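One structure below.
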Amino acid sequence: MLIHPEEILETIKMVSSENLDIRTVTMGISLRGCSHPDIDIFNENVYNRIMHYAKDLVKTTNDIQNLYGIPIINKRISVTPIAIVAESCDTTDLTSVARTLDRAAEDAGVDFIGGFSALVQKGMTPGDLNLINSIPRALANTNKVCSSVNVATTKAGINMDAVALMGKVIKETAELTKDNAGIGCAKLVVFANAPEDNPFMAGAFHGVGEPDCVINVGVSGPGVVNSTVRSLQDPTLGDISECIKKTAFKITRMGEMVGREAARRLNVQFGVLDLSLAPTPAIGDSVAAILEAMGLESCGTHGTTAALALLNDAVKKGGAMASSSVGGLSGAFIPVSEDADMIRAVQRGSLTLDKLEAMTSVCSVGLDMIAVPGDTSSSTISAIIADEMAIGMINKKTTAVRVIPAPGTKVGDMIEFGGLLGSAPVMPVHNFSSEQFISRGGRIPAPIQSLTN
Amino acid sequence: MSSSRFIITVIGIDKVGIVAGITQTMAEYNVNIVDISQTIMDDLFTMIMLAQITEENFDLSAFQQAMSEKGTALGVEVKVQHEDAFRFMHRI
Chain A
0 MLIHPEEILE TIKMVSSENL DIRTVTMGIS LRGCSHPDID IFNENVYNRI
50 MHYAKDLVKT TNDIQNLYGI PIINKRISVT PIAIVAESCD TTDLTSVART
100 LDRAAEDAGV DFIGGFSALV QKGMTPGDLN LINSIPRALA NTNKVCSSVN
150 VATTKAGINM DAVALMGKVI KETAELTKDN AGIGCAKLVV FANAPEDNPF
200 MAGAFHGVGE PDCVINVGVS GPGVVNSTVR SLQDPTLGDI SECIKKTAFK
250 ITRMGEMVGR EAARRLNVQF GVLDLSLAPT PAIGDSVAAI LEAMGLESCG
300 THGTTAALAL LNDAVKKGGA MASSSVGGLS GAFIPVSEDA DMIRAVQRGS
350 LTLDKLEAMT SVCSVGLDMI AVPGDTSSST ISAIIADEMA IGMINKKTTA
400 VRVIPAPGTK VGDMIEFGGL LGSAPVMPVH NFSSEQFISR GGRIPAPIQS
450 LTN
Chain B
0 MSSSRFIITV IGIDKVGIVA GITQTMAEYN VNIVDISQTI MDDLFTMIML
50 AQITEENFDL SAFQQAMSEK GTALGVEVKV QHEDAFRFMH RI
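Chains as they are written, first to last, in numbering that gives the first Met the number 0: chain A, 0 to 452; chain B, 0 to 91.
As structure tokens, then:
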């Protein structure tokens, strides 16, 4: 037999007991041809365009799941940032566009649709402003729509006017969804250096440099990596890195195979494979557990940033060998609410907002799915965003903020979102004001390393 | 599809009649065995088969369901997966 029985059983074990899965198949759809001054016609164009490409997406991915016996958890759609294609609409309220996206996502049978987005790192157009102002109502009136705003890049610097505005938008979104613990904020990401081919929500959108329609795949396997690291006998950190690389290779190959088959069957281009260790609330499927397997008593203690750097780098090295189409946000995600061991680390008091911020300088994304007290001021939220954007800008990497100031909650409360979003302990923020700093506005200029042309 | 070869794995507690039962269902669906190996691994009965499907319009999901039901009747877990799922992961 060409394939060794032990290899076959290893694959089966990864799926059945270690939570290996294809986390997302995301169809990116360009809406650039949909623009129209009349918002009703625009909405109709958007709906028809999405359904044209996505009507067979769910059926096709289900067929592939059965063929290979590998679970495909989420089917999603990302679209061209709505701020761009709705720029010419002669109305300022874009909530109806969000409702249209929601209806299309519902009818296509996908879990989420991303792209209620704007890119405003250097400044805002009227369309961008309309979109940002519409975000709270859009997220409060839809179930599946995700929103993101890119407010900084290494090349352009940080748009502090947009940062100040996003603090208010997050507060308002939390208020409008207060009956559901501020869940609207779980679908809203503020980015620095947003990748335009990212299949992971809530930050997914279909970038302007992308083809008309594309299939991107996100693979995840923290459970598999955790299990292999724990099986090593008294390893050095070099041994651990080697082991993670090999495992990441195998996981990535699986995603490559599924992505190419999905693209072939749907007759669209294959885009990128995003190999990410994205945790779930399931036991063992945790990034914090991997860090603890390396020898840390509790995630967040001294050494955590170094352990995360090792993990993230090894994941990328293994994946780069396995596929020539690695893109998106590849690396390790450290959302708090979606990772059972991260939640435990917060409750134990070993993991704080400040340590999480430090960790984001060496891994994918940033302050992700973090609940803060409901009375946190918008300027404090803006200041948290500004810090995270600065890390991304200076280090030429993607960073993001997804915080939830759940109305009426205080430090130590638990807020429940259910499903993959999990539950989050409310974490303390600094009580000293950042009001004056944020109210100055303007732009933090691009750093010297932007001058690489 | 680049090939129509499938890996069939049967894992469970050993007892008389597993091989006979599984291969009978395969024969009913006209599925040919290319290679077969059977061993006891970690105290579990483990049978791995490489099977070939030649029909153009083979109903894979019906076959997968029939195999799964037969497995349940025999007290074992049966999986039918395209061989690429294993080839891609372990071979460059």
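Positions of the beta carbon are idealized from the N, C-alpha and C atoms, including for glycine.
The structure presented is a predicted model; accordingly, all values stated were derived computationally and were not measured.
Distance from the CA atom of Gly70 of chain B to the CA atom of Ile342 of chain A, rounded to whole angstroms, is 39 angstroms. Close to chain A, meaning a Cβ-Cβ distance shorter than 8 angstroms, are the following residues of the segment 35-67 of chain B: Ser36, Thr38, Met40, Thr45, Ile47, Leu49, Leu59, Ser60, Gln63. For Ser438 of chain A, the enclosing alpha helix (DSSP H) covers residues 434-438.
Boundaries of the beta strand (DSSP E) around His81 of chain B: 75-81.
Only buried fits Arg252 of chain A, as 16 or more other CB atoms lie within 10 angstroms of its CB. Fewer than three pairs of CB atoms, one per stretch, sit closer than 8 angstroms, so the segment 319-328 of chain A makes no contact with the segment 405-415 of chain A. Under the three-state reduction of DSSP, Asp13 of chain B is assigned to coil, being neither helix nor strand. Using a CB distance below 8 angstroms, no part of the segment 206-224 of chain A faces chain B. Rounded to whole angstroms, Val257 of chain A and Ala321 of chain A show a C-alpha spacing of 13 angstroms. In the structure shown, Lys121 of chain A falls within a coil segment according to DSSP collapsed to helix, strand and coil. Put simply, of A:Phe190, A:Ile11, A:Ser29 the residue whose alpha carbon is nearest the alpha carbon of Val213 of chain A is A:Ser29. Between Cys298 of chain A and Asp367 of chain A the beta-carbon gap is near 14 angstroms, outside 8 angstroms, which marks them as no contact. Bridge pairing for Asp367 of chain A: A:Arg401 [DSSP]. Beta-carbon to beta-carbon, Ser116 of chain A and Ala82 of chain A are separated by about 7 angstroms, close enough to satisfy the 8 angstroms threshold.
Note that the C-beta distance between Ile393 of chain A and Val428 of chain A is not below 9 angstroms. At a Cβ-Cβ threshold of 9 angstroms, Ile7 of chain A and Ile52 of chain B do not count as neighbours. Between the alpha carbons of Val216 of chain A and Leu272 of chain A lies a distance of about 5 angstroms.
Within the same chain, and ignoring the five residues on either side of Asp41 of chain B in sequence, no residue has its Cβ closer than 8 angstroms to its Cβ. Relative to the Cα of Gly206 of chain A, the nearest Cα in the group A:Thr141, A:Gly270, A:Thr408, A:Lys245 belongs to A:Gly270. In the DSSP assignment, Asn158 of chain A falls within the beta strand (DSSP E) that extends over 156-158. Look at Gly217 of chain A here: in three-state DSSP terms it is strand.
Using a Cβ-Cβ cut-off of 9 angstroms, Ile7 of chain A counts as an interface residue toward chain B, since at least one Cβ of chain B sits closer than that to its own. When DSSP reads this structure, Ser146 of chain A sits in a beta bridge with A:Phe115, A:Leu187.
Contacts with chain A at 9 angstroms (Cβ-Cβ) include Thr8 of chain B. For Lys244 of chain A, no Cβ of chain B is located within less than 9 angstroms of the residue's own Cβ.
Residue-level contact by beta carbon fails for Pro70 of chain A and chain B, as no gap is shorter than 9 angstroms.
At least 9 angstroms separates the beta-carbon of Asn61 of chain A from that of Arg22 of chain A. For Asn266 of chain A, no Cβ of chain B is located within less than 9 angstroms of the residue's own Cβ.
Between Leu49 of chain B and the set B:Ile17, B:Arg90, B:Val30, the nearest pair of CA atoms involves B:Val30.
Taking the C-beta atoms as reference points, Met388 of chain A is found nearer than 9 angstroms to Ile157 of chain A. Note on Phe111 of chain A: 16 or more other CB atoms within 10 angstroms of its CB, so buried under the neighbour-count rule.
The beta carbon of Gly11 of chain B sits closer than 8 angstroms to the beta carbons of Ile17, Leu43, Phe44, Gly70, Leu73, Gly74, Val75, Glu76 from its chain, once the five residues preceding and following it are set aside; these are given in chain order.
As DSSP reads the structure, Met413 of chain A sits in a beta bridge with A:Pro424.
The C-beta separation of Ala331 of chain A from Val345 of chain A comes to about 17 angstroms, leaving the pair out of contact by the 8 angstroms criterion. Contact with chain A is found for Met88 of chain B, since one of that chain's Cβ atoms lies less than 9 angstroms from the residue's Cβ. Secondary structure note for Ser16 of chain A: its alpha helix (DSSP H) is the uninterrupted segment 4-16.
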